[in-house]
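What follows is one structure encoded as structure tokens, with my remarks underneath.
Numbering (my numbering), first residue to last: 1 to 294.
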């Protein structure tokens, strides 16, 4: 008699392998439900009573519905990601830029005045080039100051994501605990069925009229003695049919059921009178011939 525990242990390696492929909580719950279905399918092919199969089906469905409550918590892994965004700084211009702008303006005015002076006074041309070079340098410094005023600022953002990794061994132990409870409940149902079967058998045995059985046994013994006769065959058939309706079966002699027969020596080996049984329990012994030479 197979149990859900045996089915789970037989399928342990595959079950753990499937759990390890995706260790998220949702995938684990789905795989646990599939495992319950596989075990129920195997159990449904076993030779069990309808009451046991119905109870197993109800308990497995309950276990599947409660799969989301299994203790699947394992390690918590943290994932960190940093993002950098460049954004221009808005606001007033730098005083450094304003200062250079004023200096450039003054040098421009000075250079213009110097050119006028050189042009009208025929002064040394070197006096023209020096102020012009100074204006160019001031312009370069002004450009640098402007770039500094409009510099870009790097915006740093950090994202943290937590992920729970399922402990598959803990999941397996939880499923095992569940099927152990199911097996124990099913065994209680089987025990109740056996007790009830013994009660029913006892009631049937007590309800059997021994005088009636003795009479039918004698009639069958007489009919077996002349069983090649059509009338005897009809009597045997009618008596067996009557007993069958009373949940009593007739059993002929064989090597497997020797214990149900009294044996006597006779010329031909075989059944002289069939035994009476109900649910595999002997009600009245039969009579058999061992066979012997003349």
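Glycine residues also receive a C-beta, built at the ideal position from the N, C-alpha and C atoms.
None of these values were measured; they are calculated from a predicted model.
Exercise. Select from 66, 222 and 176 the residue whose C-alpha is nearest the C-alpha of residue 271.
Key: For the purposes of this step, residue 271 is identified with residue 271 of the chain shown, where counting begins at 1. Comparing Cα-Cα distances from residue 271 to each of 66, 222 and 176, the minimum goes to 222.
Residue interval of the beta strand (DSSP E) (run including residue 261)
As a first step, residue 261 is located in the chain shown; it is residue number 261 there, counting from the start. Note, residue 261: beta strand (DSSP E), 261 to 264.
Quiz item: Cβ atoms of residue 219 and residue 239: under 8 Å apart, would you say?
Solution: Residue 239 sits at position 239 when you count from the first residue of the chain shown. Residue 219 sits at position 219 when you count from the first residue of the chain shown. Going by C-beta atoms, residue 239 is nearer than 8 Å to residue 219.
### Message
Buried or exposed, going by whether 16 or more other CB atoms sit within 10 Å of the CB of residue 274?
### Response
Sequence index remark: in the chain shown, residue 274 carries index 274 (1-based). Label assigned to residue 274: buried.
Note the first and the last residue of the continuous alpha helix (DSSP H) segment covering residue 52. Along the chain shown, one-based indexing puts residue 52 at 52. Here the alpha helix (DSSP H) through residue 52 covers 50 to 65.
message: Would you call the segment 255 to 266 in contact with the segment 282 to 291, where contact means no fewer than 3 C-beta pairs closer than 8 Å?
response: yes
* So, do the segment 15 to 31 and the segment 179 to 195 have three or more beta carbon pairs nearer to each other than 8 Å? -> no
At which residues does the beta strand (DSSP E) containing residue 273 begin and terminate? Locating residue 273 in the chain shown gives position 273, where the first residue counts as 1. First-last of the beta strand (DSSP E) with residue 273: 270 to 273.
- Spatially closest choice to residue 188 from 36, 277, 51 and 47, by CA coordinates: Taking the chain shown and counting its residues from 1, one reaches residue 188 at position 188. Residue 51 is the option with its Cα nearest to residue 188.
Euclidean distance between Cα positions of residue 212 and residue 46
If you number the chain shown from 1, residue 212 lands on position 212. If you number the chain shown from 1, residue 46 lands on position 46. About 40 Å.
For residue 277 versus residue 201, is the C-beta spacing smaller than 8 Å? For the purposes of this step, residue 277 is identified with residue 277 of the chain shown, where counting begins at 1. For the purposes of this step, residue 201 is identified with residue 201 of the chain shown, where counting begins at 1. Taking 8 Å as the Cβ cut-off, residue 277 and residue 201 do not qualify as a contacting pair.
- Give the straight-line distance between the Cα atoms of residue 252 and residue 246, rounded to the nearest whole angstrom. Position 252 of the chain shown, counting from 1, holds the residue named residue 252. Position 246 of the chain shown, counting from 1, holds the residue named residue 246. Cα to Cα, the separation comes out at about 18 Å.
Suppose you measure from the CA of residue 295 to the CA of residue 59; what does that come to, to the nearest Å? Lying outside 1 to 294, the shown extent of the chain, residue 295 is not represented and no answer is given.
Residue nearest to residue 305 in terms of C-alpha spacing, selected from 266, 228, 43 and 243:
No information on residue 305 is available, as it lies outside the stretch 1 to 294 that the chain covers here.
Measure the CB-CB distance between residue 64 and residue 43 and report whether it falls below 8 Å. In the chain shown, the residue the question calls residue 64 occupies position 64. In the chain shown, the residue the question calls residue 43 occupies position 43. Their beta carbons are not under 8 Å apart, which means residue 64 does not touch residue 43 by this criterion.
**OP:** Excluding the 5 residues preceding and the 5 following residue 294 in the sequence, name in chain order all residues of the same chain whose CB lies nearer than 7 Å to its CB.
**Re:** Translated into positions along the chain shown, residue 294 becomes position 294. Low per-residue confidence applies at residue 294: pLDDT is 47, beneath 50, and the placement is therefore not dependable, though the value from the model is reported in the following sentence. Around residue 294: 267.
Kindly indicate which three-state DSSP category residue 210 falls into: helix, strand or coil?
One-based indexing of the chain shown puts residue 210 at position 210. In this structure, residue 210 counts as helix in the three-state DSSP scheme.
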